[in-house]
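Listed in order, the protein sequences are those of chains A and B.
FYI, the numbering for the first sequence is 1 to 309, going by the working numbering.
FYI, the numbering for the second sequence is 1001 to 1270, going by the working numbering.
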Amino acid sequence: MAIIETFGLSRYFGKNTAVEDLTLTVEAGEILGFLGPNGAGKTTTIRILAGMIAPTKGHAIVAGHRTDRDVERLHEIVGMLTQTPGLYDRLSAKRNLEYFASFYPSIEAQSQVEKYLRLMGLWERCDDKVGTFSKGMKQRLALARALVHEPKVLFLDEPTAGLDPEAAGEVRQLIRTLREEGRTIFLSTHNLNEAEMLCNRIAVIHTRLLALDTPEQLRRRFFRRQIVVQLEASDAKVTEVVKRLSFVQEVREEGNQLILSLTDSERNRPELVKAIVEAGGRVVAVSEKQYPLEEVYLRLIREGNVNES
Amino acid sequence: MSRKHIRNILLKEWALLFTDPNSALVVALLPFLVVGQGILYIWLAFRFAGESMLTTQVFQSALQKLVEAIPGVAQLPGNEQLLVLLLSQFNFFLLLIPTMIAISVATFSIVDEKLSGSLEALLATPVKTWELLLGKALAGAIPALAMTWLSAGVFLLVVSGLGWGDLSRFVVTAGWFLTLFLLTPAVAILSFMLGVTGSSRAKDTRGAQNSALIIIFPMLALIGIQITGIVWFTPLLILLLALAVGIADFISLRAAVRLFRRESIVVQWR
């Protein structure tokens, strides 16, 4: 069931286009990674979907509510983690959370505050002033704030930006926990590994939507499926034999590895291994070539730029 | 829900206000500086200029209006008439306290939240704009009002200490009470509404303070109008004035809500 739907969503700021004709759907319980370079319209899209700003054209529906019309109700059912934690440094963690929780009519603030402070590992420090917290702790508290009213949809705008690797890891672990709880999360990030680790699907945006698919499908869109055969030692004779096989479309040698494109990667694999062994080759491992998502992303952005110009 | 929201905003603002040494100091000390300065000016005028001040046409006119309003003043010797005339300005002088606290405190209220990023998070909650603005305005206006009343008490104690206690009966009149308990609250709310509005429109604290400074001038004008004898503010006039400022409070809240552009706050401020 779709919980976020956008229909030709566009937003202009004067002559500048932030988002153009964005149409996408996010299913309930899904984590959608929203990738794009700086100024690609990620934050603007999140702000539109969270009812903070209105679109210039098109519209969006989140959990059954038009984001430009039913703003008050929308704010009750979505949670938002902004780019900066935006907490009150002179107040305690508990007081910060209680304050924001107090605006939601449908929750029991005290118990929710305790629940999320515990979940974020901040309960022991709940009476300490936020000004004394590390960046990672502040980010976890901001995440608790976004969750305290049990939102149906959570918008996370670069949740690990500016955090050290340990703190970023803690935040990612919390997002994994939320994924296991079946929350719908719209995650804007620059971090491709993070997107791949956490997200069911990835949308790449550069003002316009360039691609939307699972990481695996995005790879296949640009790179043919390839098999890597790791040999004990490179052998010209083995390479020659492999080249002559009818189901081999392409062979490339990289050190002790043969990188091959096959007609049918699954079915042809046993025959391939058999042929190599018969030619005297010693096979150490056979695996599928994994192209980093970064290469897919960069190609998408480059192609997007070419189309723009 | 609205009352609960406003109460929560108010309590949070107080928690922030009283944990910020600068703001707390302004709220605590400014009233005493205003009172001290006012009494010093009166004492200097009385001590060095004395009765001769009354010979000027401006003060003659003011004294005449004072006597018309409080006939008992006519029976006093000249120097005491001068004292009553000067001390009678003090209720308007006290109006400077909430306006100055507003400039120091309210003008930071929205700008600071925007700069720290907490405003964007707050605007993502179901809080209504008018709740936010009224909560912030009341959070400053209430302590400012309390300090103004405390200052009025301090003023009367100092007047008594200087041996002018007998003259209090000509100063602490119905007009004095109306000013303190009707006009001052209305002015306090107006000052803070303007301060908060300025804060919501300005891009930095300096811009917010500049826009809020405007409220000082009408307060000074009240003193100027009365002491130069143009108008003597009788209880009826003060009542009408309080009513007018009360209406201005309501209008300023409506205007503040209209001027508070959530979108541009979220998008443009960095």
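Even glycine gets a Cβ: it sits at the ideal position worked out from N, Cα and C.
What does a CB cutoff of less than 6 angstroms around residue i pick up in its chain, not counting 5 residues either side in sequence?
i, result
"V976/B", "Beyond the ends of chain B as shown, which are 1001 and 1270, falls residue 976/B; an answer cannot be given."
"G304/A", "H206, L210"
"E5/A", "T25, I61"
"T1228/B", "V1058"
"I1039/B", "V1158"
"W1176/B", "N1091"
Please list the partners that residue i has in chain B, where partner means a Cβ-to-Cβ separation under 7 angstroms.
i, result
"F103/A", "H1005, T1125, P1126, V1127"
"R95/A", "A1015"
"I53/A", "E1263, V1266, V1267"
"Y88/A", "L1016, S1118"
"H75/A", "A1124, T1125, P1126"
"T82/A", "G1117, E1120, A1121"
"P151/A", "Neighbours of P151/A on chain B: none; closest Cβ ~10 angstroms, over 7 angstroms."
"R47/A", "V1266"
For the beta strand (DSSP E) holding residue i, just list the boundary residues, first then last.
i, result
"F1181/B", "Taken as a continuous stretch (DSSP letters only), F1181/B belongs to no beta strand (DSSP E), as it is neither H nor E."
"L1167/B", "No beta strand (DSSP E) holds L1167/B; DSSP gives it neither H nor E."
"H149/A", "No beta strand (DSSP E) contains H149/A, which DSSP labels as neither H nor E."
"F1032/B", "Where F1032/B is concerned, there is no enclosing beta strand (DSSP E), although the alpha helix (DSSP H) it sits in stretches over 1021-1044."
"R252/A", "248-254"
"V78/A", "78-81"
"T189/A", "184-189"
"I259/A", "257-262"
Taking 7 angstroms as the cut-off, decide whether the C-beta atoms of residue i and residue j are in contact.
i, j, result
"T84/A", "G1161/B", "no"
"A144/A", "L97/A", "yes"
"L49/A", "V62/A", "yes"
"N251/A", "L245/A", "At residue 251/A the sequence reads Val, which differs from the Asn that was named. Taking 7 angstroms as the Cβ cut-off, V251/A and L245/A do not qualify as a contacting pair."
"M52/A", "V1111/B", "no"
"L218/A", "V296/A", "yes"
"F1170/B", "V1073/B", "yes"
"G33/A", "T23/A", "no"
Within the same chain, show all residues whose beta-carbon is closer than 8 angstroms to that of residue i, passing over the 5 residues directly before and after it, in chain order.
i, result
"A1024/B", "L1017, F1018"
"I1006/B", "E1131, L1134, G1135, L1138"
"R179/A", "I31, I185, L198"
"D213/A", "R201, I202, R221"
"Y99/A", "Y88, L91"
"A2/A", "T25, V26, E27, A28"
"E1013/B", "S1109, G1135, K1136, A1139, G1140"
"S309/A", "In this prediction, S309/A scores a pLDDT of 45, lower than 50, which makes its location untrustworthy; the coordinate-derived value is nonetheless stated afterwards. Within the same chain, S309/A has no close Cβ partners at all."
"N1079/B", "F1046, G1050, E1051"
Rank the options by C-alpha distance to the C-alpha of residue i and give the top, closest one.
i, options, result
"K289/A", "E216/A, E240/A, G8/A, V241/A", "E216/A"
"W1164/B", "S1088/B, W1014/B, A1174/B", "S1088/B"
"V1257/B", "S1191/B, Q1057/B, T1197/B", "T1197/B"
"E278/A", "G169/A, K15/A, V238/A, R224/A", "V238/A"
"A285/A", "S265/A, Y291/A, E295/A, Q257/A", "Q257/A"
"T45/A", "L35/A, V19/A, G36/A, K57/A", "V19/A"
"D164/A", "S134/A, D157/A, P151/A", "S134/A"
"Q1060/B", "L1085/B, P1126/B, D1020/B", "L1085/B"
"G121/A", "V229/A, P105/A, A167/A, G41/A", "A167/A"
"L1213/B", "E1051/B, R1262/B, A1106/B", "A1106/B"
"E108/A", "E150/A, E181/A, V71/A", "E150/A"
"F1090/B", "L1076/B, K1065/B, I1070/B, I1042/B", "I1042/B"
"T1234/B", "M1053/B, A1174/B, Q1037/B, L1157/B", "A1174/B"
"I77/A", "K57/A, N16/A, R302/A, F103/A", "F103/A"
"M1053/B", "F1032/B, Q1081/B, Q1075/B, A1028/B", "Q1081/B"
"L1044/B", "P1071/B, K1065/B, A1069/B, L1083/B", "L1083/B"
"L298/A", "D235/A, E266/A, F223/A, L272/A", "F223/A"
"A1144/B", "F1093/B, M1100/B, A1242/B", "M1100/B"
Can you name the start and end residues of the alpha helix (DSSP H) that residue i belongs to?
i, result
"K57/A", "From DSSP, K57/A is part of no alpha helix (DSSP H) but of the beta strand (DSSP E) over 57-62."
"N16/A", "Looking at the DSSP string, N16/A is not in any alpha helix (DSSP H); the run it does join, the beta strand (DSSP E), is 16-27."
"D213/A", "That residue, D213/A, is in no alpha helix (DSSP H); its beta strand (DSSP E) goes 208-213."
"Y12/A", "Looking at the DSSP string, Y12/A is not in any alpha helix (DSSP H); the run it does join, the beta strand (DSSP E), is 2-13."
"V1257/B", "1235-1259"
"V242/A", "236-244"
"G1224/B", "1216-1227"
"V277/A", "268-278"
"V1111/B", "1096-1116"
Can you name the residues of chain B whose CB is closer than 8 angstroms to the CB of residue i?
i, result
"A50/A", "A1124"
"E72/A", "P1126, K1128"
"R145/A", "A1121"
For residue i, go through chain A and note every residue whose CB falls closer than 9 angstroms to its CB, in chain order.
i, result
"D1020/B", "R90"
"N1008/B", "E98, Y99, S102, F103"
Name the chain A residues whose beta carbon is nearer than 7 angstroms to that of residue i?
i, result
"K1012/B", "Y99"
Using a Cβ-Cβ cutoff of less than 7 angstroms, which residues in the same chain neighbour residue i once the five nearest sequence positions on both sides are dropped?
i, result
"V113/A", "K94, L97, E98, A101, V148"
"R47/A", "I53"
"R73/A", "H65"
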